[in-house]
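J.:
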Amino acid sequence: MPLFETCDVARVYRRGSARELSALAGVSLAIEEQTCCALTGPSGSGKSTLLALLGAMERPTSGEVRFRGQSLAGFSDVGLARIRRRFGFVFQGFSLLPRLSVWENVTYPLVPRGVGRAQRIRIADELLGPLELADRIHDRAGTLSGGEQQRVALARALVVEPEVVLADEPTSQLDRNNAERLARSFEELLARGVTVVLSTHDPRLIALASQVLELDAGRLKTP
Amino acid sequence: MVWLEIGRTGLTSMLLHPWRSVATTACVVAVLTPYLVGLGISGGLSRQSEESLRFGADLYVTGRQFGRGVPIPLDAVEKIAAIPGVTEVEPRIVGPMVLGLDRHSAVVVGVSPEKLGDASECIEGRLFREGGVNELVVGSALAGRLKLKVGSPLPPFYRNRSGERVSHVVGIFTPDAPLWQANLIFTSFETAATLFDQQDLATEVLVYCRAGEREQVASSIRRHIEWTDGGGRSKLGVRVAGRDDFEALWSSASAHRDGVFHLHCVLACCVAVLAVFVTSGFGSSERRREVGILKAIGWQTDEILIRGTVESLLLTLAGASLTMLLVWTWLRGFNGYGIAGLFLPGLDVRPGVQVPFRLVPVPVLLSVLLSWVVVNSGSLYATWRTATTAPVEAMR
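Quick note, the sequences are listed as chains A and B, same order. Our numbering puts the first residue of the first sequence at 180, with every later residue one more than the last. Our numbering puts the first residue of the second sequence at 205, with every later residue one more than the last.
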């Protein structure tokens with residue numbers, strides 16, 4: 180059974196009363212567990228929307244998204260939140276809480292699980308050490324550089340020991356060194372058996388993928 | 205444990221948005237402070253009036269003519285004293301008077317010094333003597349305005365057939381005296397009769413009864429006490445008022461004033477809800493984004509609402525604590541500046557007398573609860589609206 184399946188998924192955004200924007204149209208795909216799937220395509224082709232649908236971050240206008248064979252349409256708001264707890268997200272713009280410290284940003288997903296403050300600081304320290312951010316753990320996230328923020332975002336995605344990591348253009352705002360460092364992190368994740376789904380133009384990340392899906396104008400291009 | 209950790213993030217959120225926290229706290233303070241100052245003054249006045257009534261007479265008897273109160277002849281005093289159940293009868297004269305070049309209003313009370321009760325403890329100087337003439341004990345506010353001290357002579361301030369006489373201030377009620385005494389002049393019954401040039405008349409008769417016989421005595425007075433006037437052509441009746449009547453009158457007036465104040469508070473709360481609504485981030489992209497991120501990383505709507513509720517509670521407590529400090533300062537340090545006049549017509553913006561106040565725990569706690577509702581309803585709706593949209597939508 181594939182980890183993710185989409186059947187004829189479409190997503191239409193309504194802008195105002197008359198304007199409609201079709202971000203995805205009739206996308207059907209399957210992503211196997213413990214693989215790396217790269218979504219490629221030009222800007223506006225629907226990569227981020229597809230990632231958001233796979234990550235239970237929004238609902239499709241039509242069609243169906245399945246995770247481990249279960250349709251996400253059947254889940255309530257609470258159910259979708261619980262599904263999201265099994266995922267790790269790396270957003271394109273990092274999406275950190277800039278006023279919070281680094282360790283708080285990394286461990287915020289653990290708060291609803293009742294993990295105490297001392298334990299969260301320890302977990303953050305363990306995660307940030309290998310990412311060479313141990314000395315910035317108490318700094319505010321907003322004071323970090325782009326590369327550092329991206330690593331914090333990756334640490335936050337990994338803190339819940341996710342079954343899947345979904346990453347949206349994770350290297351788009353990074354210099355070459357930081358991009359390579361991030362690519363190595365994804366390699367390690369794959370080696371640990373974590374499924375990775377990412378949207379990217381970066382050849383280093385595409386090279387990691389066992390499945391590359393190209394999107395264009397909201398549709399999957401057939402190879 | 206989960207709730208504790210989520211609650212702790214509420215505290216973090218409060219500290220992370222200092223301007224928002226300050227604005228919300230300011231809303232709470234702005235609504236609660238004048239309201240609690242008003243309630244405090246109202247409570248203080250109620251207590252003073254209750255005490256005054258408790259130490260007052262059981263019945264107050266005046267004459268009645270054309271349905272209105274008129275002075276009562278002193279002949280009636282003996283008749284009333286003879287009614288079974290009456291233990292003591294005391295005539296009293298109460299009347300307004302104007303003093304000084306600036307024509308300050310005062311109320312003269314001519315009564316036996318024994319009937320001043322606890323009030324006599326608040327006197328600087330001494331009480332007037334029983335039957336003494338032209339000895340005055342002046343209220344502190346009036347003494348302040350007229351620059352009177354113990355021993356000050358008062359030039360003749362009445363002109364009538366009794367002639368012009370110099371009076372002396374023999375005592376001053378200190379600021380601890382009940383507020384209603386601040387503009388009073390206490391003197392002997394005889395002096396008051398001379399001042400108003402009304403011999404053999406009292407404005408009212410204070411009647412003290414045996415326990416449990418008040419109603420019976422009141423009924424007897426109404427039935428048996430009457431006299432004629434105008435050469436026997438006009439019949440005068442009596443009007444009897446009990447302590448209950450005054451209590452009811454006070455409660456009614458107090459409830460009316462409090463009601464007006466409650467209404468203002470409700471209106472202020474409505475404005476505050478809107479203000480908190482804005483300050484708590486309805487339409488604020490940063491706030492929406494924050495909620496969106498929390499949803500995206502697995503927080504549920506109820507958990508986000510708990511976080512918001514804790515934040516609101518902490519802001520309310522901060523606001524309430526600050527409010528209590530300001531209320532205390534306003535009442536104790538600034539003597540109810542600006543608000544006391546709303547409860548006591550005739551008082552200046554800056555009251556010249558010690559304004560009484562009493563902060564009762566229940567209304568104070570209810571007000572704090574109300575402000576929590578204000579803050580919560582302002583911020584929670586905005587949070588809920590954002591938390592129920594898709595995370596991606598909220599993060600945009």
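Every residue gets a Cβ at the ideal spot worked out from N, C-alpha and C, and that includes glycine.
1. Looking at chain A, which residues of the region 502-523 of chain B have a Cβ within less than 7 Å of any of its Cβ atoms?
2. Provide the residue span of the alpha helix (DSSP H) that contains B:Pro595, from first to last.
3. Is it right to say A:Glu305 is buried, meaning 16 or more other beta carbons lie within 10 angstroms of its own, or is it exposed?
4. Quick check: is any heavy atom of the ligand MG less than 8 Å from the C-beta of B:Leu529?
5. With which residues is A:Cys215 paired in a DSSP beta bridge?
6. Grab me the residues of B:Ile425's own chain with a C-beta within less than 8 Å of its C-beta, minus the 5 sequence neighbours each way, in chain order.
7. Taking the C-alpha atoms as reference points, what is the distance between B:Gly487 and B:Val226?
8. Using the beta-carbon of each residue, which ones in chain B are nearer than 7 Å to A:Met236?
9. In this structure, does DSSP put B:Phe538 in helix, strand or coil?
10. Does B:Val206 come within less than 9 Å of chain A when only Cβ atoms are used?
11. Which same chain residues end up closer than 6 Å to A:Arg245 when comparing Cβ atoms and leaving out the 5 residues on each side of it in sequence?
12. Taking any Cβ of chain A, which residues in the region 213-245 of chain B have a Cβ under 8 Å from it, in chain order?
13. Suppose the cutoff is 7 Å on Cβ atoms and the five residues either side in sequence are ignored; what does the same chain contact list for B:Val374 look like?
14. Can you pull the chain B residues whose beta carbon is under 8 Å from the beta carbon of A:Asp256, in chain order?
15. Looking at the unbroken beta strand (DSSP E) that takes in B:Lys439, where does it start and where does it end?
16. Looking at the secondary structure, which residues open and close the alpha helix (DSSP H) in which B:Gln420 lies?
17. Can you tell me where the beta strand (DSSP E) with A:Phe246 in it begins and where it stops?
18. Evaluate contact between the region 376-393 of chain A and the region 206-215 of chain B, counting only Cβ atoms and requiring at least three cross-stretch pairs below 8 Å.
19. Less than 9 Å between CB atoms is the rule here; does A:Leu333 satisfy it with respect to chain B?
20. Can you tell me whether B:Gly487 is helix, strand or coil according to DSSP?
21. Could you say which of B:Phe400, B:Glu254, B:Gln269 and B:Leu305 lies nearest to B:Val312 if we only look at CA atoms?
22. Rank A:Pro309, A:Leu310, A:Asn284 and A:Pro291 by C-alpha distance to the C-alpha of A:Ile300 and give the top, closest one.
23. Whose Cβ in chain B lies nearer than 9 Å to the Cβ of A:Phe365?
24. Is the Cβ of B:Arg589 closer than 9 Å to any Cβ of chain A?
25. Quick check on B:Phe390: does DSSP put it in helix, strand or coil?
26. With a Cβ-Cβ cutoff of 9 Å, do A:Cys186 and A:Gly234 count as a contact?
27. Relative to the C-alpha of B:Ser525, which residue among B:Ser489, B:Val568, B:Val559 and B:Ile510 is closest?
28. Does any residue of chain B have a CB that is nearer than 9 Å to the CB of A:Pro291?
29. Given that a residue counts as buried once 16 or more other Cβ atoms are within 10 Å of its Cβ, and exposed if not, what is A:Arg194?
30. So A:Pro288 contacts chain B; which residues on that side make the cut at Cβ distance below 7 Å?
31. Which residues share a DSSP beta bridge with B:Gln269?
32. Identify whether B:Gly375 lies in helix, strand or coil by the three-state DSSP scheme.
T.: On the basis of the coordinates in this document:
1. Residues passing the 7 Å Cβ filter: Gly502, Trp503, Gln504, Thr505 and Glu507.
2. Note, B:Pro595: alpha helix (DSSP H), Pro595 to Met599.
3. Taking every protein chain shown into account, the CB of A:Glu305 has fewer than 16 other CB atoms within 10 angstroms, so this residue is exposed.
4. By its list of ligands, the structure shown contains no ligand whatsoever, and the ligand MG lies outside what it can speak to.
5. In the DSSP output, where bridge partners are listed per residue, A:Cys215 has A:Val375.
6. Result list for B:Ile425: Leu263, Val265, Ile284, Ile287, Val411, Val442 and Val444, in chain order.
7. Low confidence applies here, because B:Gly487 scores a pLDDT of 49, under 50, leaving its location unreliable and the question unanswered by this model.
8. Within chain B, the residues near A:Met236 are Ala500, Ala594, Pro595 and Val596.
9. If DSSP states are grouped into helix, strand and coil, B:Phe538 belongs with coil.
10. So yes, B:Val206 belongs to the interface.
11. Hits under 6 Å: Glu184.
12. Listed by position, the residues of the region 213-245 of chain B near chain A (Cβ gap below 8 Å) are Thr213, Thr216, Leu220 and His221.
13. Exclusion of the five residues before and after B:Val374 leaves Gly329, Arg330, Phe332, Glu339, Leu340, Val341 and Val354 as the residues of its chain whose Cβ lies within less than 7 Å of its Cβ.
14. Gln504, Thr505 and Thr592, listed in chain order.
15. Where B:Lys439 is concerned, the enclosing beta strand (DSSP E) stretches over Ser438 to Gly446.
16. Note, B:Gln420: alpha helix (DSSP H), Arg418 to His428.
17. According to the DSSP assignment, A:Phe246 belongs to the beta strand (DSSP E) that extends over Ser241 to Phe246.
18. Touching, no.
19. No, A:Leu333 does not count as interfacial toward chain B.
20. Low confidence applies here, because B:Gly487 scores a pLDDT of 49, under 50, leaving its location unreliable and the question unanswered by this model.
21. Check the Cα spacing between B:Val312 and each of B:Phe400, B:Glu254, B:Gln269 and B:Leu305: the tightest is with B:Phe400.
22. Checking every option, the nearest Cα to that of A:Ile300 belongs to A:Asn284.
23. The contacting residues do not exist; A:Phe365 stays about 19 Å from chain B at best.
24. Look at B:Arg589: its C-beta is not under 9 Å from any C-beta on chain A.
25. Under the three-state reduction of DSSP output, B:Phe390 falls in the strand class.
26. Going by C-beta atoms, A:Cys186 is not nearer than 9 Å to A:Gly234.
27. Comparing C-alpha distances from B:Ser525 to each of B:Ser489, B:Val568, B:Val559 and B:Ile510 shows the shortest one belongs to B:Val568.
28. Cβ-Cβ to chain B under 9 Å: yes for A:Pro291.
29. The Cβ neighbour count for A:Arg194, taken over all protein chains shown within 10 Å, is under 16; the residue is labelled exposed.
30. For A:Pro288, the neighbours in chain B by C-beta distance under 7 Å run, in chain order, Ile501 and Gly502.
31. B:Gln269 pairs with B:Arg272.
32. B:Gly375: strand per DSSP, three-state reduction.
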